[in-house]
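A.B. asks: Take the sequence shown: its position 168, counted from the start at 1, is 172 in this note's numbering, and no numbers get skipped. Glycine residues also receive a C-beta, built at the ideal position from the N, C-alpha and C atoms. Fair warning: this is a prediction, and the values are worked out from it, not measured in the lab. Sharing a structure, written as structure tokens. Questions coming.
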Amino acid sequence: MMRAFRRVSQGLACGLDDWERELLARLALEVRAILQSDEPTDEDAGGSTVLPSTRSDPGRPGESERDREVLAALDFDLDQSSNHVHTGRPASDPVVGVLLPEASEDPVTAMEVSSLTRARLRSGKVDRLARMAAELRAPSGPEATVLVPIGQEAEWLGAINDIRLVLAQRLGIESAQDAGRVHDVASQEASESETAHEQWYRGTALVYDMVTWWQESLVSALFGGTGPA
């Protein structure tokens with residue numbers, strides 16, 4: 005079960021089950037691949053990105069049937085034979101515009117865009133997502149917890165926010181009402197007549213809720229709060 009961030013001597017740390025760490029790492033690397041697909045280089049022409057090695061066997065410690073369902077419902081495919089992530093999206097995909105907007109109503113994103121060129125912004129996002137994934141796959145905190153080192157809090161908040169932006173775009177979240185609807189879907193149990201798309205949507209909604217809680221936990225720990233409910 006995902007535990008809230010807490011302050012330790014090296015920074016902020018949280019405990020995650022193996023499947024949770026793998027899920028978050030794979031999400032970070034997928035968003036990284038999406039960002040790289042927008043970069044005009046020869047390497048990206050094939051539509052896939054080589055990733056570090058990962059375990060892909062089912063039944064990680066602490067992983068339930070519902071957890072496996074969430075992993076299976078995600079909208080990306082980790083090719084076990086070649087260890088590539090295939091995003092299945094052209095470089096003109098609107099999700100790239102969410103991550104690298106020309107302008108944004110979100111004050112944090114607008115500040116980033118105004119102070120950095122698009123190329124530098126992309127590079128920074130790619131690097132911080134890679135660092136997050138590396139820490140998730142090889143946690144360096146006390147008792148094998150995931151560690152956000154002192155001074156890297158803003159990087160982690162930005163990386164988590166990029167993941168949330170992509171999930172929100174896929175789920176069609178454009179308002180608080182949309183977010184509430186997605187939260188309700190995440191709380192539902194699967195029906196016998198559930199279609200493949202409905203399973204994907206419900207699983208992605210659950211992941212969005214999970215990532216949102218994790219981000220709120222980090223913000224709360226950073227500013228000395230008691231953590232999200």
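Across which residues does DSSP place residue 152 in a beta bridge pair?
C.D. replies: Working through the sequence shown from its first residue, we reach residue 152 at position 148. Looking at the DSSP assignment, residue 152 forms a beta bridge with 16.
A.B. asks: Among 135, 156 and 122, which has the Cα closest to the Cα of residue 4?
C.D. replies: It is not possible to answer for residue 4, since the shown part of the chain is limited to 5 through 233.
A.B. asks: Straight-line CA distance for residue 158 to residue 132?
C.D. replies: Within the sequence shown, numbered from 1, the residue matching residue 158 stands at position 154. Within the sequence shown, numbered from 1, the residue matching residue 132 stands at position 128. C-alpha separation (whole angstroms): 10 Å.
A.B. asks: Would the beta-carbon of residue 34 be found less than 8 Å away from any heavy atom of the ligand SAM?
C.D. replies: By its list of ligands, the structure shown contains no ligand whatsoever, and the ligand SAM lies outside what it can speak to.
A.B. asks: Are residue 152 and residue 140 close, meaning C-beta to C-beta below 9 Å?
C.D. replies: On the sequence shown, residue 152 is found 148 positions in, with the first residue counted as 1. On the sequence shown, residue 140 is found 136 positions in, with the first residue counted as 1. Contact: no.
A.B. asks: May I have the straight-line CA-CA distance separating residue 100 from residue 29, to the nearest angstrom?
C.D. replies: Working through the sequence shown from its first residue, we reach residue 100 at position 96. Working through the sequence shown from its first residue, we reach residue 29 at position 25. Their backbone Cα atoms lie some 19 Å apart in a straight line.
A.B. asks: Could you give the first and the last residue of the continuous alpha helix (DSSP H) run that contains residue 207?
C.D. replies: Here residue 207 refers to the residue found at position 203 of the sequence shown. 200-226 is the extent of the alpha helix (DSSP H) around residue 207.
A.B. asks: Just the C-alpha distance for residue 20 and residue 32, rounded to the nearest angstrom, thanks.
C.D. replies: Position 16 of the sequence shown, counting from 1, holds the residue named residue 20. Position 28 of the sequence shown, counting from 1, holds the residue named residue 32. Near 15 Å, if we compare the C-alpha coordinates of residue 32 and residue 20.
A.B. asks: Please go through the same chain and pick out, in chain order, the residues whose beta-carbon is closer than 6 Å to the beta-carbon of residue 183, but skip the five residues on each side of it.
C.D. replies: Within the sequence shown, the letter at position 179 stands for residue 183. Result list for residue 183: 177, in chain order.
A.B. asks: How should residue 305 be labelled, buried or exposed, when 16 other C-beta atoms within 10 angstroms of its C-beta is the threshold for buried?
C.D. replies: For residue 305 there is no data in the structure shown, the boundaries of the chain being 5 and 233.
A.B. asks: Looking at residue 168: is its Cβ nearer than 9 Å to the Cβ of residue 212?
C.D. replies: The count along the sequence shown starts at 1 and reaches residue 168 at position 164. The count along the sequence shown starts at 1 and reaches residue 212 at position 208. Yes; because the gap between Cβ atoms is below 9 Å, this pair is in contact.
A.B. asks: Are there 16 or more other CB atoms within 10 angstroms of the CB of residue 172, so buried, or fewer, so exposed?
C.D. replies: Taking the first residue of the sequence shown as position 1, residue 172 is located at position 168. When all chains shown are included, residue 172 counts as buried.
A.B. asks: Taking only the alpha-carbon atoms, compute the straight-line gap between residue 206 and residue 145 and give it to the nearest angstrom.
C.D. replies: Taking the sequence shown and counting its residues from 1, one reaches residue 206 at position 202. Taking the sequence shown and counting its residues from 1, one reaches residue 145 at position 141. Going from the Cα of residue 206 to the Cα of residue 145 covers about 32 Å.
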